[in-house]
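Peer 1: Here it is, the structure, as structure tokens.
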Amino acid sequence: MKYRKRLIPAALVMALLALAVLFYVRKVDTVRLLYVLSDSGGDLSAYDNFRQTLLANAEVDQAALNGVTKRQLGSYDAVYLDPALAGTDLLKASASKLEAYVREGGHLFLENDFASDFPSAFLGGSAVQDVPAEAAGGLAFTYPQVDAHASGMQEVVQLFAGNFKNHVGMSHLPGFVWGKGLVPTTAQTLVSLNGLSLMTVNQEGKGSVLLASSFLPNRYFLTGFDLQSGMDPKRGFAERIKQDKTNLAPKPSVAYFDRSELPLDAYFQFGFATANYQLRNEFLTYVAKERYGYSVKKVLGPYGRPAMAYQNHFEALPAFRDKEAIQWAELLKQHNMIPSFSLVRAAFDWGQWHEDVTVHLNTGTSAKPHFTGPYVNSYYGSGVRLSGDSGPLLQANYPKYKSLGDPIEMPYRAYPALADLDGDGRVDLITGSADGTLAVYRGLGSRPAAYADQPLPEGLTPPDAFGPAEPLQLAGGGPLAAGAYTAPAVLDANGDGRPDLLLGNERGDLLLALGEGGLRFSAPVPVQAGGQPARVGAYAAPAVGDVDGDGIPDLVVGDADGAVRVYRGLAGRPGAFGAPEEAARIRGRFAAPSVRDLNGDGRPDLAVGGSEGDVQVFVREDGGWAKRDPLGGDNLNQMGTPALVGGHNSVPLWYDINHDGKDDLIVGQLEFGPAVALDNPKFPYKAELNEFLTYAKDHYLELYPHLYFHNYLSDEQEKTEIALHRKAFGALGLPWTETGTNQHTWRINNPNRLQTLVNENNAGIWFNFGFRPSHAPSEPQYGPDYMWGLPFQLSDPSVKRPMLIYTPAPNLWENETGSSKDIFEAYIAQDMPIDYFDHIEYHFPAAVSLSDEEKNARRLKYENAMRYVTYTDSIRTQYDYNFMTEIQMAQSFLTTLNSRVTVSHSWGSYLLDRLKDKLGKGVHLNVMLTPAGSVPSQAGGYAGTLGVAIEPGKPFAQAPLAVSSDFHTAQHGTLYAGLAGPTKLGVSFGEAGRHVVRSNVPTEIQKDGETWTIRLNADGMQQIKLYSPTPLVIEGPDLQIEENQEQHTYTVTHFGAAVSLTVRSP
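Under our numbering, the first residue of the sequence shown is numbered 1, with each subsequent residue one higher.
See below:
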């Protein structure tokens, strides 16, 4: 007995120690998912979705099916099968193992391809049937009321299908294979079509099996986070390509400019990629609620509230002149917003085309010429613009606004000819213009400084420079003129050794003006051909050359219809010609010929320009002329061909203009822009540019590059362009260390889908929030492929630092036919961030006088901007979005995607809570949420701003959840919390005290009783919203404070450097 009495205290001590251990040892709540592959691997797009899941406490592994034991399966809460397993013998042999896994409590996700691989009864139905494509194409789905835990998955499908039906439609997916549906028995239907279930969850034993539709997850497009996976060719994309080829009808004059004419190939589709990701996130959320009764999801924004920003591309020359960036920033200040500017390397005037003359320097020989094509500063053109001391030689502007891909109807072009008119031994450039001007630019010889802003490949000598334009004169006084669209060619018609001019014009006339010395000429008279005045239908474009090799100059003339005619020179009759013979006909209009041996056979050939802008080749053969490929260069043009194209209405001319012994190809044309580099000393609005840069610095606006590539730049060309952009930033005093970008004209490389992004990443760029994926047929914001978007990290081993990918939200529009607000409502319902894009050029009052049409266009742009500013402001206010810069947004995203949360409680508290639950004392929860993971350095101070959404499942549906964090709010039954450190989560019926609803910047709070000192730790715009059940006094420098007495909130905004606030009771 006495030994027993001695043992009692010892046992009690042991029990107390055991109990203490229970309250010390942590139980960690995780949701473990196994992604199951076939022996040969599979498509890892879904696996990448899970690796970047927003479920904060998820753990994801992958393994081959044949190597996974039943016991190993049982250690996972969820299993997702790779589609490559569908229909395989391996799956057939393992099906029973997977069915047992579900019955014992596991949750199995089956994509639609697996519908026939398992018994219908296991799926919860009586039969599996083909989904009728005609009925499904209308997207007239129904959504029965479902179990609360599965409602998130249903909501994703319902929101996306509704938006897709309203704004895109199944015509965007021709040939789509709808796959199978289930005739349900025990299964819970999430999505239904005419009684056939397209998406179901079936409770089987202790677990569940989910059968998805082929609509979501969708494998018609590329949707993987590597931009290259996620597509199943069997889903029907081949029909899309077939229809695209059928619908391709070449448009006149845009063969090298209309990107819609590029052949379609598989492409990454942001909308479906986002919907797939969201559905898979919600599957894990479902599993978490089934397992633990609640879920913890990361939010894409600081401290648990979604991020919102504006993406503003700044690129137009008049916008620099008019200081529109400053006007925009000041306007946004009035709405407590801040812009995010990406800055182009070279600015241009939208929709403007100018006549100019370029040269392609010959890198081959005169016998076999060879060309580079576009140079680094060719921008939207090709070759080098002939220049003088004041810059490129520009002539008439095209009179209509035309975007880069728009057809050009009229033959505006600089029409070049060369002759030494002033007798100084240097050739002068003679040009005709659509406005009827005939001008000469006197040759200045070699002046490399004139081409300093047009760097050439190593080893190439710049062309000659030229003086300012001077009008050609009539010998009797007055300007030499031949009518509109004057086209000159040089010859010695009367053998006096002085240059004479053949002149074509709009009417089709061919006129001869004899040289009288210097810049003076006789009055033009008609050229005789076959005994009568030579004339073509319209837009006569003459050249002179010995076409037949008889030593007598012949006249070669192009016309408006693209025909080229030869008028043979007559022996002993200088300036007289025979009747015309058609020699060639180009693709396009407005043929402009030149004569030269192009294949080294000793016979003259024809190089002919025209409306398409290329130089088409016709070689002399016995019996006529044979068409060959256009003249090409080493570098590809924007349509992926080597053709030398710098604009429209090309006019070729041959001359050794850099005196290296090789004839060069000179081309008169109509060129888009042309662009002027911001670091060019001749930038026309240098003072205004510097004022903007100073403003940005003073107002903490971090500028980042707006990079310009086209789809077919080589790897080396892209690297060079990035280096030039970086050099320009250095010259402007702008830092470029770790930064982001978006693409000017949206384009990245087509042949190599990752080339552009990898090159950018290697240059210190870690996010790109605006680009058109390789081969994508539409552009961000307006295109159907960008209806939904969420940020993700590019998944590819060649990326050496983080690379965040994102796309702007769709365009906001509203009219009598409908609105796009339903898309934004879907974003809000899912806590999706919003990055709204707009060019802010041509919105504000100009520094010069404008036409009424231009004023009206600006007014409409301004009104549109105010619509989305007002609307996004209302979203921020009502739903507590965090408005911030795009760089801050990216930093917050980086934190979210690279963090996880350890959800834990002691075994003691866990067991005690379960005991209380059993005793009928309500529901109990006492867990700790601890931020974990490795956040990259690019996140900066935002590394400490992780926030989560805590969704109660059925056990906690009536129990108010609360956190110990100072950052929290609740909306629609979800608790949002910022995890600045370890945070307690539990059930609490107490009233909320003072707390932060949202803050857009990293925030520190120090408390001294009822007085809080809040440090807002980022420059630019700081905005914090506080809740307090009692009145507050908020103090600090230059604060804007908005009090909402009804909601007991205070929204505090400050512009400038990081700032401290003092918050106290009165």
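Cβ coordinates follow ideal geometry from the N, Cα and C atoms, glycine included.
Quick test of your reading: V1086 and V615, contact by CB under 8 Å. State the CB separation rounded to the nearest angstrom.
Peer 2: With the chain covering only 1 through 1066, there is no way to say anything about residue 1086.
Peer 1: So, are the CB atoms of H706 and L262 less than 8 Å apart?
Peer 2: No, these two residues do not count as a Cβ contact at 8 Å.
Peer 1: Taking only the alpha-carbon atoms, compute the straight-line gap between H313 and Y401 and give it to the nearest angstrom.
Peer 2: Roughly 20 Å between the two C-alpha positions.
Peer 1: Using the C-alpha atoms, what's the distance from A776 back to V128?
Peer 2: Each residue's alpha carbon lies about 35 Å from the other.
Peer 1: Do you know how far the Cα of Q158 is from the Cα of N1000?
Peer 2: Each residue's Cα considered, the two are about 31 Å apart.
Peer 1: Near G537, which residues of its chain fall below 8 Å by C-beta distance, leaving aside the five closest residues on each side in sequence?
Peer 2: Correct list, in chain order: G508, D559, A560, D561.
Peer 1: What are the partner residues of W353, as DSSP defines its beta bridges?
Peer 2: F672, per the DSSP bridge assignment.
Peer 1: Closest to L444 by C-alpha separation, out of I950, F466, A434, would be which residue?
Peer 2: Closest option to L444, Cα to Cα, is F466.
Peer 1: CB-CB under 6 Å to Q395, same chain, minus the five flanking residues each way: which ones, in chain order?
Peer 2: Around Q395: E355, A414, S433.
Peer 1: Report yes if the CB atom of S988 is closer than 8 Å to the CB atom of A949, and no otherwise.
Peer 2: No, Cβ-Cβ distance for S988 and A949 is not below 8 Å.
Peer 1: Helix, strand or coil for Q454 per DSSP?
Peer 2: DSSP places Q454 in coil when its eight states are reduced to three.
Peer 1: Could you check if H710 is buried or exposed, using at least 16 other CB atoms within 10 Å of its CB as the buried criterion?
Peer 2: Burial call: buried.
Peer 1: Just checking, does the region 757-768 make contact with the region 777-788 on the three C-beta pairs under 8 Å criterion?
Peer 2: No: the two stretches stay apart, fewer than three of their Cβ pairs being nearer than 8 Å.
Peer 1: Can the beta-carbon of V903 be found closer than 8 Å to that of D29?
Peer 2: Closer than 8 Å, so yes.
Peer 1: Mapping the DSSP letters down to three states, classify I875 as helix, strand or coil.
Peer 2: It is helical.
Peer 1: For F771, which of helix, strand or coil comes out of DSSP?
Peer 2: Looking at F771 - three-state DSSP - the assignment turns out to be coil, as it is neither helix nor strand.
Peer 1: Looking at the unbroken alpha helix (DSSP H) that takes in H725, where does it start and where does it end?
Peer 2: Per DSSP, H725 belongs to the alpha helix (DSSP H) from 715-731.
Peer 1: Within 10 angstroms of the Cβ of Q72, are there 16 or more other Cβ atoms? Answer buried if so, exposed if not.
Peer 2: By the neighbour-count rule (16 or more Cβ atoms within 10 Å), Q72 is not buried but exposed.
Peer 1: For Q269, does the three-state DSSP call read helix, strand or coil?
Peer 2: The answer is coil: DSSP assigns Q269 none of H, G, I, E or B.
Peer 1: Taking contact to mean 3 or more Cβ pairs, one atom from each stretch, closer than 8 Å, check whether the region 278-293 and the region 952-962 are in contact.
Peer 2: Result yes; three or more Cβ-Cβ pairs closer than 8 Å.
Peer 1: Using DSSP with H/G/I as helix, E/B as strand and the rest coil, what is M866?
Peer 2: Here M866 sits in helix by DSSP.
Peer 1: Do L55 and V79 count as a contact pair if the criterion is CB distance below 8 Å?
Peer 2: Taking 8 Å as the Cβ cut-off, V79 and L55 do not qualify as a contacting pair.
Peer 1: Pick from A1058, A992, H1054, G1020: whose alpha carbon is nearest that of H1048?
Peer 2: When only C-alpha atoms are compared, the closest one is A992.
Peer 1: What first and last residue would you give for the beta strand (DSSP E) that runs through V848?
Peer 2: No beta strand (DSSP E) holds V848; DSSP gives it neither H nor E.
Peer 1: Quick one, which of N649, V595, K686 has its alpha-carbon nearest G588's?
Peer 2: Ranking N649, V595, K686 by Cα distance to G588 puts N649 first.
Peer 1: Taking the alpha helix (DSSP H) that E324 falls in, what are its first and last residues?
Peer 2: Element bounds for E324: 324-334.
Peer 1: Using CA atoms only, rank isn't needed, just tell me which of L979, F348, E99 is closest to T745.
Peer 2: Ranking L979, F348, E99 by Cα distance to T745 puts F348 first.
Peer 1: What is the residue span of the alpha helix (DSSP H) that V758 lies within?
Peer 2: That run of the alpha helix (DSSP H) goes 755-762.
Peer 1: Okay, do the region 181-190 and the region 294-307 touch, 3+ Cβ pairs below 8 Å being the bar?
Peer 2: These segments do not touch.
Peer 1: In whole angstroms, what separates the C-alpha of E134 from that of S899?
Peer 2: Spanning the two alpha carbons is a distance of roughly 44 Å.
Peer 1: Quick test of the definition: if touching needs 3 or more C-beta pairs under 8 Å, does the region 150-165 touch the region 270-280?
Peer 2: Flag = yes, the region 150-165 and the region 270-280 touch.
Peer 1: Taking the alpha carbon of G981 as the point to measure from, which residue in N690, P1002, I586, L975 has its own alpha carbon closest?
Peer 2: G981 has its Cα closest to that of P1002, out of N690, P1002, I586, L975.
Peer 1: For P479, count neighbouring Cβ atoms within 10 angstroms of its own Cβ and tell me buried if that reaches 16, exposed if not.
Peer 2: Looking at its Cβ environment, which holds fewer than 16 other Cβ atoms inside 10 Å, P479 is exposed.
Peer 1: Could you tell me the alpha carbon to alpha carbon distance between D424 and G497, rounded to whole angstroms?
Peer 2: Spanning the two alpha carbons is a distance of roughly 15 Å.
Peer 1: How long is the line joining the alpha carbons of A1058 and Y700, rounded to whole angstroms?
Peer 2: Cα-Cα distance, rounded: 10 Å.
Peer 1: Using the C-alpha atoms, what's the distance from Y836 back to A316?
Peer 2: Answer to the nearest angstrom: the Cα atoms are 19 Å apart.
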